[in-house]
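Chains as they are written, first to last, in this note's numbering: chain Z, 883 to 1116; chain F, 747 to 1040. For every residue, glycine included, the Cβ atom is placed at its ideal position computed from N, Cα and C. What follows is a single structure, written as structure tokens, with notes after it.
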């Protein structure tokens, strides 16, 4: 579904990605883990057209995403929940959700999806008219995920969805991701919370300083004796 | 007392006009971080349209003025500002100055630098007598039109899908695009609305002064810029409030400055604004969102 080959990204003259290759198959949940500065967020940003690659290819369903604008990439069937959630704090919860349906033409089905979102995240229905900036971190994360789902993505990219959340709330987020995966949404998850992410995923890539250091299925990665070492990069 | 009320009415009229211009500037700044000094040339071109169309029925004249200003605003965006999107604010600012001077000189080339007189509508220059107060109909029309436009813009931003997209883009442009909001559509819409506001402003301005000149947009835009800074850069409510506060300062100085100082009215007005900004540097209303560039 998604295939990245030898992707290189520079920030100014500083290389952030030195040619990473990875793929995500339809229906899979794949995670990218690694320490800070490993290039996880940069990888997602490159996929979504937020940074321009210096080289390499990004193919989604066989077609290149390189050079396309974020709004076009969303219309191809991808969605991104960025790091830090990026809720529109001055808008209401309802308006934030409505923005998730921006690219959709099937208004009635979008309304049905909205109801399904409320079943999954009841808190969003009760706070529908509230200013989104007043929600707690966990509620904002639920809103960010719900908003991304309303575009009905076939591939969902998530950047650090558990960052800064209480353990109980992290469970809520991962439960939601688990359900999505059962419904057939393909997921590419970036996490610092490596143990949790690998546990959740079918496969994992461990990034270190802009390179893929290891990759494998969940069991392979979990069996790696030096998994923690590899992850922490010490 | 009557004189004071007369000043209040003047202040509201001047304030309404400045608010209309300021809103056009604030709208563009909120979305793309550009202070568009060429906004004044939208007013100028709108004003020349009034002369060029001759003497058709007034609705035709109003519509022609507005349409010309909108078309020019959209052309500005497409030709001058779209290629610079994502450039730093200084580059955008200088581009808008260049565009402003370029258009002014183009107008001098075509129409000459001498002001041209015109009368928009004799009806507007009449006054309504209320007690001892004599209120020009133009003042009432200016206030009425401003209130209608402010309400309409408010409803558009609050109630329509495009309005919500524009508010989202003003808060976090990158995130709005990630959700599929089309950058070009949102920015073009903002320019279109700023053109509409400039067109209406042009009509009201010419109705008041009866004169059209290539530099006619310069002063209004300076006032409007000061109003947006005063109100709080990036806040639409701030721009409107700033417009009215500026109108009040302006008229108060005009009315109460000693006669020999009155020709320095603008200097005093800007000094008053500087003092207010020293007390409250962030402006009267702080935009809750920091502007994110495309």
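Relative to residue 936 of chain F, the option among F:828, F:803, F:891 and F:759 whose CA is nearest is F:828. Between the stretch 1015 to 1024 of chain Z and the stretch 1042 to 1052 of chain Z there are three or more inter-stretch CB-CB distances shorter than 8 Å, so the stretches are counted as touching. Close CB contacts of residue 1066 of chain Z within its chain, under the 7 Å cut and outside five residues either way in sequence, are with 909 (chain order). Fully contained in the stretch 822 to 892 of chain F are the following beta strand (DSSP E) runs of length 3 or more, in chain order: 873 to 876 and 879 to 882.
In the displayed model, residue 1010 of chain Z falls within coil according to three-state DSSP, outside both helix and strand. Taking CB atoms only, residue 1035 of chain Z has no neighbour in chain F less than 8 Å away. From the listed residues F:856, F:843, F:977 and F:984, the smallest Cα separation to residue 963 of chain F is found for F:843. Bounds of the beta strand (DSSP E) holding residue 893 of chain Z are 884 to 893. One thing to note: residue 980 of chain Z has its Cβ no nearer than 8 Å to the Cβ of residue 1006 of chain Z. Under the three-state reduction of DSSP, residue 927 of chain F is assigned to coil, being neither helix nor strand.
Three or more beta-carbon pairs separated by less than 8 Å are not found between the stretch 1017 to 1029 of chain F and the stretch 780 to 797 of chain F, which leaves the two stretches without contact.
Annotation for residue 942 of chain Z: the continuous beta strand (DSSP E) segment containing it runs 937 to 942.
Of all residues in the stretch 922 to 949 of chain Z, only 930, 931 and 932 place a beta-carbon less than 9 Å from a beta-carbon of chain F.
Below the 7 Å Cβ cutoff, chain Z contributes no neighbours of residue 961 of chain F, its closest Cβ being approximately 38 Å away.
For residue 968 of chain Z, a Cβ of chain F is located within less than 8 Å of the residue's own Cβ. If one requires a minimum length of 4 residues, the alpha helix (DSSP H) runs lying completely within the stretch 976 to 1006 of chain F are 982 to 1002, in chain order. Check the Cα spacing between residue 932 of chain F and each of Z:984, Z:1078 and Z:961: the tightest is with Z:984. Around residue 1028 of chain F, no beta-carbon contact reaches into chain Z at under 9 Å, the shortest distance being about 16 Å. Per the coordinates, the alpha-carbon of residue 910 of chain F lies some 6 Å from the alpha-carbon of residue 903 of chain F.
At a C-beta separation below 7 Å, residue 926 of chain F has these neighbours in chain Z: 953, 956, 957, 984, 985 and 1033. Against chain F, the CB of residue 1043 of chain Z has no partner CB under 8 Å away; the residue lies outside that interface. Contact note: residue 977 of chain Z reaches chain F through 910, 913 and 914, using a C-beta cutoff of 8 Å and chain order. Take residue 783 of chain F, set aside five residues on each side of it, and the residues of its chain with a beta-carbon closer than 7 Å to its own are 842, 843, 846 and 967, in chain order. Going by beta carbons, residue 815 of chain F and residue 960 of chain F fall outside the 8 Å limit. As computed with DSSP, residue 1087 of chain Z is found in a beta bridge with Z:914 and Z:1097. For the stretch 921 to 948 of chain F, the residues whose beta carbon sits under 8 Å from a beta carbon of chain Z are, in order, 921, 922, 923, 924, 925, 926, 927, 928 and 929. Residue state for residue 1069 of chain Z is assigned as strand, using DSSP reduced to three classes. With respect to chain F, the C-beta atom of residue 1023 of chain Z has no partner C-beta closer than 8 Å.
Your pair residue 1026 of chain Z and residue 1003 of chain Z does not check out as a contact, with CB atoms roughly 11 Å apart and the cut at 8 Å. Judged by beta-carbon spacing, residue 990 of chain F lies beyond the 8 Å limit of residue 772 of chain F, meaning their Cβ atoms are not closer than that value.
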